[in-house]
Amino acid sequence: MFTRILGIWDGHDSGAALVEDGRVIFASNEERYTKRKLEVSFPYNSIIAALYHSGLKAKDIEHIAFSTTEFTKTLERVFPHMKESYYAFRRRKVRKPHFEDFRHNLKYTLTSVGVLPMCTYLSKSIISKQLKRMGFERFRLYTVDHHTAHAASAAFTSGFGKALVITLDGLGDGLSGSISILDNGKLERKLSIPARDSLGIIYEQTTNALGMRELEDEGKIMAMADYSFPFDFEDNKLKGLIKVRGTSLIASCNPRKQYSLIKDVAWQTPREQVAYMAQQLLENAVVKLTSNAIDRFSIGNVAFAGGVFSNVKANMKLRSLEAMKRWYVFPHMGDGGLAVGAALYVNNMIDGTDSFDFSAYLGDSYSAEETKHALKADRSLELHDDVIEQQAKHAAELLDEGNYVFWFQDRMEYGPRALGHRSILAPSSDEEAKEKLNLYVKRREWFQPFASSILEDDLARLVEYDGKGLDPYMTNAYRVREDVSTQMVSVVNIDKTTRPQVVHSDRSPYSMLLKGVKRHTGYGVVLNTSFNLHGFPIVRDPEDAVRTMRETRTKYMFINGVTVRNRRAT
Ligand SMILES: [Fe+2]
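Quick note: the sequence shown uses our numbering, first residue 172, plus one each step.
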């Protein structure tokens, strides 16, 4: 009899995951079902999808794990409307309240209260009731500490036998980070970083101070930082906010004072320079902390999780550390990955499994019949059945002619990045196609770069590859080689880096497509961006795909063996 565990997460970017027999067999986030980006509600739909996908019933699940029982999370479980209210406030879906500063400060005061026994009891009782209402009957419910869940997600999917495991985020369960060691199948916490000394909160507060949405637009700050002129750390006005001492982080003041200082700097300084300051501070601190931890514990393989590691520029600096032998970032590094982390931790606790089969393709999939049913509902779409070899060839031709295409195949990706199963693709060498894509579909801000997908055989020809492991999850940036810059114009950032998904050379549809592109251009590389309408999560099902095609008047889509042409396309 094998161990089967359902993991759930009911906070920011809620979701569910199912782990069975040493494999993550399903994982998805609630936003894909409710169509609200970074959904916060209880993950009913994700749980139902997990059961449906695996052919199980609620009564078949004996172990359920969930994470985070801190004071505020418990309060939100008791009063769900508080969560909704914060969601609308954070996403700026309401008018700016007069008491914005008060609310902001209240958040950081309350969230710094960690785990209390009463909160754990209340959280367990509420979650248990919600699960029972869904038909779960005889199950054991486990709580997993926030940073333990982050650490487990990275440690147990890294493939490392022995590793240092570092987590850093805004905060969770009273902490903003941790350093653990994975050894002999056990994950052991060595150090904790208090919520008050949070690198993630400084970055989050900078995002807010620059008029962007906390917990959502941090990537924009990273992108904007590249448009500042470079300056020394000595001239960084935010440099005093946090210091690294050995393997500790020490903030100079509480988040309330910190926010006030950041706003003062933002008032007097052009915003790209403020973004540069926050980015520089983050990079310096993360690199120094990691370097010190590697020295202290003498372990060169490092696995990372937590929202801070969604910062691909900081990750790039980390990879360049000489003492770092092997490097891994859990692909769903933010709180959206906690359901997987909680389930893996409990699985390890029950039977000692310390390495799980894991891929990025863990979400819903649809049969050819389901796909065609959705497509036929829109009479303006012309449909042709095509084998995948033909689709890959056709899509490559269209890209070579300067078109962008929708590409929808098989199981949905898990995590924030589109990785060739729900992607919009454009030629990497065509600036005009990129602009068209931005104008009609993505509507991103001008300073946000597009990511790339690169065939593994071509990685070293296109970027300065460090040989520290191929990254199939788009969690790192690389410097683009100068001699191929014309090939990369639509996927290169102003600082001459690109954020690639490395695609293995195999018989998968996406690999075939990249090989098709290579036959035309000499390089297996495309622009790859998430398949979604502006402001919405990545599409989940064929109905979403059809709606997006209609609303963006896109001409071509390749979806589960059907080639689609939109007669209404512009
Ligand atoms: Fe977190």
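In this text, a Cβ means the ideal position worked out from N, Cα and C, and glycines have one as well.
Backbone CA spacing between residue i and residue j [nearest angstrom]
i	j	result
T239	P426	21 Å
Y258	T668	33 Å
D528	H503	15 Å
N463	A449	21 Å
T174	F237	16 Å
A740	Y681	24 Å
L460	R615	33 Å
D287	A437	Here residue 287 turns out to be Leu, not Asp, going by the sequence shown. Roughly 37 Å between the two C-alpha positions.
S399	F618	11 Å
L452	H321	23 Å
P620	N664	6 Å
Y292	P251	17 Å
E255	Q444	34 Å
T440	A485	23 Å
S351	G285	19 Å
I470	K230	43 Å
G706	Q376	22 Å
V190	L684	31 Å
V558	K488	42 Å
H544	Y204	19 Å
P713	A563	19 Å
N737	E568	17 Å
L209	G586	11 Å
Ligand 1 heavy atom lying under 8 Å from the CB of residue i
i	result
G390	no
H743	In the structure as shown, the chain begins at 172 and stops at 741. Residue 743 is therefore absent and cannot be evaluated.
H321	yes
G343	yes
D506	yes
D340	yes
G478	yes
L492	no
L509	yes
Residue i, DSSP secondary structure in three states
i	result
S256	helix
T319	helix
R311	strand
V663	coil
D463	First, the amino acid is wrong: residue 463 is Asn here, not Asp. Three-state DSSP puts N463 in a helix.
E389	helix
R360	strand
A198	strand
E745	As displayed, the chain neither begins before 172 nor continues past 741, which places residue 745 out of reach and without an answer.
D181	coil
D571	helix
F327	coil
H503	coil
F273	helix
D528	strand
Residue from the options with nearest C-alpha to residue i
i	options	result
L630	I179, V673, A494	V673
T646	I665, Y499, G591	Y499
D522	E722, G356, D231, A320	G356
R467	K361, K414, E553	K361
G591	G382, P643, L552	P643
P598	F618, G512, F577, K484	F577
R724	K607, N216, R690, V655	K607
L277	F707, G332, R738, F242	F242
S624	D637, G638, E541, Y649	Y649
L442	S469, E454, L489, M383	Note on residue identity: the sequence assigns Arg, not Leu, to residue 442. Considering only alpha carbons, the answer is M383.
R718	I352, S351, G586, A548	A548
T744	R670, W180, P214, G371	Residue 744 lies beyond the residue range present for the chain, which begins at 172 and ends at 741; the question has no answer from this structure.
D666	L698, K605, D628, A394	A394
L492	G512, I465, G477	I465
P671	V651, D316, R309	V651
L509	D340, G693, Y223	D340
S679	Y532, L704, V660, S656	Y532
N455	S676, N407, I176	N407
V415	D403, K428, V458, D397	V458
S283	S369, R690, E553, S185	S369
Contact test: residue i Cβ vs ligand 3 heavy atom, cutoff 8 Å
i	result
D406	Ligand 3 is not part of this structure, which contains only ligand 1.
Residues bridged to residue i (per DSSP)
i	result
T669	Y649
Y398	Note: Y398 sits in no beta bridge, so no partner.
T700	I595
R497	N472
W578	S594, F729
G343	L346
S419	R416
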